[in-house]
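Per the numbering used here, the sequence shown starts with residue 17, numbered consecutively.
Even glycine gets a Cβ: it sits at the ideal position worked out from N, Cα and C.
Read the structure below first, then the notes.
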Amino acid sequence: MNKILWFLWASMLSGFSIYAQPATPLGFASKGYDSHIELSWTKSTDPTVTAYRIYRSDANQNDFQLIKSLGYLNDAYIDFVGDQNAHYDYKISAVNQSQQESPLSDLQNASTQPFSDDELLDMVQAYTFRYFWDFAHPVSGMARERNTTSTVTSGGSGFGVMAILVGIERGFITREEGLQRLLKMTNFLLNADRFHGVFPHWMNGATGAVIPFSQYDDGGDLVETAFLLEGLLTAREYFDGSVSEEVDLRQKITQIWEEVDWNWYRKQTQKVLFWHWSPNYGWQLNHEIRGFNEAHIVYILAASSPTHPIPANVYHQGWVTNNYTTNASYYGYPLEVGGFRGGPLFFSHYSYLGFDPRGIRDDYTNYFIRNTRHSLINRAYCIENPKNYEGYSEQSWGLTASDDPFGYLAHEPTGNRDNGTITPTAALSSFPYTPEASMPALKYFYRELGDKIWGKYGFTDAFNVHENWYATSYLAIDQGPIIGMIENYRTGLLWQYFMKNPEIQTGLDKLGFVPDSTVSIFNIKPLDVDVVLFPNPVADHLQLNIQLDTSLSLSGKMTNGSGKTIQQIFTNRDFVPGTHHLEIDLTGIPTGSYFLTIYSKDQMKTTHFLID
């Protein structure tokens, strides 16, 4: 018998392995959070290692049990314990192709503890930042479309640029590290495919070559380019130092910005901008950019361009359509601009990561107020839950574009676009508008569903309790608004630096934006009174208790799900501190879902009830 074959045969019979026992993983560390513990280690360079094994014991019990086996590509594990007072010890080992296990590592211990609101926000921002820093394309530094591809996205990279600025301010990275990454990105962009200065939606992250988004979409995408510029212009003002590399970065961003030919994308003379142009198919898609949707920033940038500006009438006749303004009201919230119930919530996020809508308005609305009401309408619909999906509540809300059990959809509060899917970015990116509603949503998503939707880059894309479906995916255009809009809520960082661009103020003046003093605390905080309705559901007489700490003049009305006033209960009634009892006669009102709104001059509180 051949000696080598004999040796292998004898080795199998004796259980002897031709591989050496793997070494214990290095760099094993642990860190406790509010409801989870994260373990990390250095990936083995041993080519025979195929897995890692995680062992856990109650603290100081030395009773280690295997809790997870992970593939060799992993270097971290999240143990979502779901307990704010947990204490555990951990060890790790490596396993090779022959199932030989390394010696266990030294013990690492970690504990969970209740986090404050600020600590939770820090945690969400830090984890979400990883998507744009750790998972960025290694060659270009651009943001990948989603966590299952190497295709990079221009719009998502604009959000990623802003995430890097947040990362610097929050101490996740240094200013120098952020600067070097942005230089890598801008060098890539200056050599990537552009079409009259406009980038494609998707690009090869290594070469910059266009990757067709669809059959005829193999050229410039004006909306995605606007999202990219929103981030780059914010960075141009942020990196305001005199060192040569910061000067170089500003010059590169200015070149990219000034080479966009906005007028080409209105076919030179038309009074509307077009979404796409292809060198192979021309204007085949012929997709006009008309409001209201996520593309508001396109017209603001086009009007602000120092080299290829559009006339103001392109905004007022192109972006603004015949049905742009409306007198509609939903769930008691007026909506001056936008479609039925406002549409998916990303309409209120993408264009406003940089553009600060506070304290100004155009001829049509104050967009901060509009976006606040849009968010409240979206939440009120989820509370009403007319299709009776599991998983909707005052804390679990938010309909916007995302993955879902059936594919991908722009979810919104309408019958045919609500399939039971809640998307965390919807509520979390509304933090500047609805902090008192967004924080409970964050806590619910994390503390109640974290074992299903919390991962290495923060919250996964979406979930559908009704279908028992929980995404494992991450998308750049959903992660970016989370970290950016939370920062705008906390410090206004991105708003501050985007609005510092002198061209932007010139463009806003051209479009007719003026200061507006109607922004009030109502748009940020609800009316601070206790309102109790009972019984709920109710038959014909509803009891209303109002508890006040101070004297207030209040009005009250009852509306249906479309915002129509069914009954004005009282108007400008003076209430003194204390508890007030009222009875509302509902005789003759059809069964269904209704809302009671108590409001003052500049604040309101809405409560849902059912007539059964």
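Could you check what DSSP says for T522 in three-state terms: helix, strand or coil? Three-state DSSP puts T522 in a helix.
Quick one: using the 10 Å Cβ neighbour count with 16 as the cut-off for buried, is L82 buried or exposed? The residue is exposed, with fewer than 16 neighbouring Cβ atoms inside 10 Å.
Is I153 near V168, with beta carbons less than 7 Å apart? It is His, not Ile, that sits at residue 153 in the sequence shown. Their beta carbons are under 7 Å apart, which means H153 touches V168 by this criterion.
Suppose you measure from the CA of Y383 to the CA of I316; what does that come to, to the nearest Å? When rounded, the distance between both Cα atoms is 13 Å.
CB I670 to CB T613, shorter than 7 Å? Only positions 17 to 628 of the chain appear in this structure, which leaves residue 670 out of reach.
Does L598 pass the burial test, meaning 16 or more other C-beta atoms within 10 Å, or should it be called exposed? A residue is called buried once 16 or more other Cβ atoms fall within 10 Å of its Cβ, and L598, having fewer, is exposed.
Just mark P216 as buried or exposed, buried being the case when its beta carbon has 16 or more other beta carbons within 10 Å. Answer is buried; the Cβ neighbour count reaches 16.
Taking 6 Å as the limit between beta carbons, can you name the residues of its chain near Y71, skipping five residues before and five after? Result list for Y71: F80, L82 and K107, in chain order.
Give, in chain order, every unbroken run of the beta strand (DSSP E) that is at least 3 residues long and sits entirely within the segment 28–69. Whole beta strand (DSSP E) segments, 3+ residues: 45–48 and 52–56.
Rounded to whole angstroms, how far is the Cβ of S364 from the Cβ of S446, which I believe are closer than 8 Å? So it is a contact: roughly 7 Å between Cβ atoms.
Please list the terminal residues of the continuous beta strand (DSSP E) segment that includes R589. Secondary structure note for R589: its beta strand (DSSP E) is the uninterrupted segment T581 to F591.
Please report the distance separating the alpha-carbon of D264 from that of E483. C-alpha separation (whole angstroms): 51 Å.
In this structure, does DSSP put F80 in helix, strand or coil? Correct three-state label for F80: coil.
Backbone secondary structure at N203 - three-state DSSP: In the three-state reduction of the DSSP assignment, N203 falls in the helix class, which pools H, G and I.
S109 lies in the beta strand (DSSP E); which residues open and close that run? Unbroken beta strand (DSSP E) run through S109: H103 to N112.
Thinking just about the alpha-carbon of each residue, which of I605, G572 and I582 is nearest to the one in D590? The candidate whose alpha carbon is nearest that of D590 is G572.
Under the rule that 16 or more other beta-carbon atoms within 10 Å means buried, what is N539, buried or exposed? Legend: pLDDT at N539 = 46, less than 50; position of this residue unreliable, value from coordinates given subsequently. Buried, because 16 or more other Cβ atoms sit within 10 Å of the Cβ of N539.
For F625 and S609, the rounded distance between their alpha carbons: Cα to Cα, S609 sits roughly 6 Å from F625.
Which two residues bound the contiguous alpha helix (DSSP H) that contains N387? It spans Y383 to E400 - the alpha helix (DSSP H) in which N387 sits, taken as one unbroken run.
Following the continuous alpha helix (DSSP H) through L351, name the residue where it begins and the one where it ends. For L351, there is no enclosing alpha helix (DSSP H), as DSSP marks it with neither H nor E.
Straight-line gap, S536 to S412 (C-alpha atoms, nearest Å): Summary for S536: the model assigns pLDDT 45, below 50, so the residue's position carries little reliability; its value from the coordinates is reported in the next sentence. When rounded, the separation of the alpha-carbon atoms in S536 and S412 is 26 Å.
Assigned secondary structure, W218 (DSSP; H/G/I helix, E/B strand, else coil): For W218, the secondary structure class from DSSP, reduced to helix, strand or coil, is strand.
Rounded to whole angstroms, what is the Cα-Cα separation between D62 and P38? Cα-Cα distance, rounded: 7 Å.
Indicate whether S132 and L120 have their beta-carbon atoms separated by less than 7 Å. Using a Cβ distance threshold of 7 Å, S132 and L120 do not count as a contacting pair.
Expressed to the nearest angstrom, what Euclidean distance is found between the alpha-carbon atoms of T450 and E135? Computed Cα separation, rounded: 19 Å.
Does DSSP put P531 in a helix, a strand or coil? For P531, the secondary structure class from DSSP, reduced to helix, strand or coil, is strand.
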